[in-house]
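Enquirer: Take this structure, written in structure tokens, and hold onto it; I'll ask about it next.
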Amino acid sequence: MFDQAKIWSRLRMASHTWDRLRVAAGRSGMSLRQPALAARRWATIGSEHVTSMRSPRVEPWRLLLAVFAVVGAAAFLALLDPHRRETAPALLLLVTIGLSTYIADWVGGIAAWVSAVICLDWLFVGTLMRFDGFSSVAHAVTIGSFSVAAGLSIAIVEHLKYDRAKARLEAAALRAANTA
13 MFDQAKIWSR
23 LRMASHTWDR
33 LRVAAGRSGM
43 SLRQPALAAR
53 RWATIGSEHV
63 TSMRSPRVEP
73 WRLLLAVFAV
83 VGAAAFLALL
93 DPHRRETAPA
103 LLLLVTIGLS
113 TYIADWVGGI
123 AAWVSAVICL
133 DWLFVGTLMR
143 FDGFSSVAHA
153 VTIGSFSVAA
163 GLSIAIVEHL
173 KYDRAKARLE
183 AAALRAANTA
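Remember, our numbering sits 12 above the position in the sequence shown when you count from 1.
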């Protein structure tokens, strides 16, 4: 069907009009690809090769690792803790969120955060194996404070990663300037 429309339009248009449309479509496609390439830019100075920390690396294995780290830690603690305390699992889940953020960038951190809130509600807060974390004020405060702490830890880890990458680029630039 697309070929028929193409043939029909070629027959009714002047040849230079068709060429202009084809060039304009190519330019618009390039102008759309250029910001995407700039967002994924890599900085290379000398032998240092550092990725831009503002563009997340969204790879399925990183996201799965982030989610499975949280779910595995929560399941491990649920098996070990028969009294179902809320503080120890929350602290361990915060640590796994930090590690997931470090490994899988902020996208993995958010995926770990969501899975940690689900695991915390399902396994430790409220009734076991039920989503009733907001049934009482105390449970809602627990999940809310955990969510705030998790969001802050994601922001801190990403900020530290960005500062480290920036320092590596500056050090590489200084080494390159010294050898020049």
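C-beta: ideal position from N, C-alpha, C; glycine also.
(1) So the alpha helix (DSSP H) A86 belongs to, where does it begin and stop?
(2) For a quick check, are the C-beta atoms of V70 and V119 less than 7 Å apart?
(3) Any idea if R52 is buried or exposed, counting beta-carbon neighbours within 10 angstroms, 16 or more meaning buried?
(4) In terms of residue numbering, what span does the alpha helix (DSSP H) encompassing S157 cover?
(5) At the level of alpha carbons, what is the spacing between V160 and T154?
(6) Quick check on this structure: which residue in L172, F136, R32, I168 has the alpha carbon closest to the alpha carbon of L89?
(7) Alpha carbon to alpha carbon, how far is H151 from G84? Give it in angstroms, no decimals.
(8) Is I109 near A128, with beta carbons less than 7 Å apart?
Expert: According to the structure data:
(1) Locating residue 86 in the sequence shown gives position 74, counting from the first residue. Here the alpha helix (DSSP H) through A86 covers 72-92.
(2) Counting from one through the sequence shown, the residue named residue 70 turns up at place 58. Counting from one through the sequence shown, the residue named residue 119 turns up at place 107. In contact: V70 and V119 (Cβ atoms closer than 7 Å).
(3) The residue labelled residue 52 in the question sits at position 40 within the sequence shown. Because the pLDDT of R52 is 49, which lies under 50, any placement of that residue in the model is unreliable, and the question is left without a value.
(4) Against the sequence shown, residue 157 aligns to sequence position 145. S157 -> alpha helix (DSSP H) spans 149-191.
(5) For the purposes of this step, residue 160 is identified with residue 148 of the sequence shown, where counting begins at 1. For the purposes of this step, residue 154 is identified with residue 142 of the sequence shown, where counting begins at 1. Those two C-alpha atoms are separated by around 10 Å.
(6) Here the question's residue 89 lines up with position 77 in the sequence shown. Nearest of L172, F136, R32, I168 to L89, Cα basis: F136.
(7) Counting from 1 along the sequence shown, the entry for residue 84 is found at position 72. Counting from 1 along the sequence shown, the entry for residue 151 is found at position 139. If you take the alpha carbons of G84 and H151, they lie about 22 Å apart.
(8) Here residue 109 refers to the residue found at position 97 when the sequence shown is read from its first residue. Here residue 128 refers to the residue found at position 116 when the sequence shown is read from its first residue. Yes, the Cβ-Cβ distance between I109 and A128 is below 7 Å.
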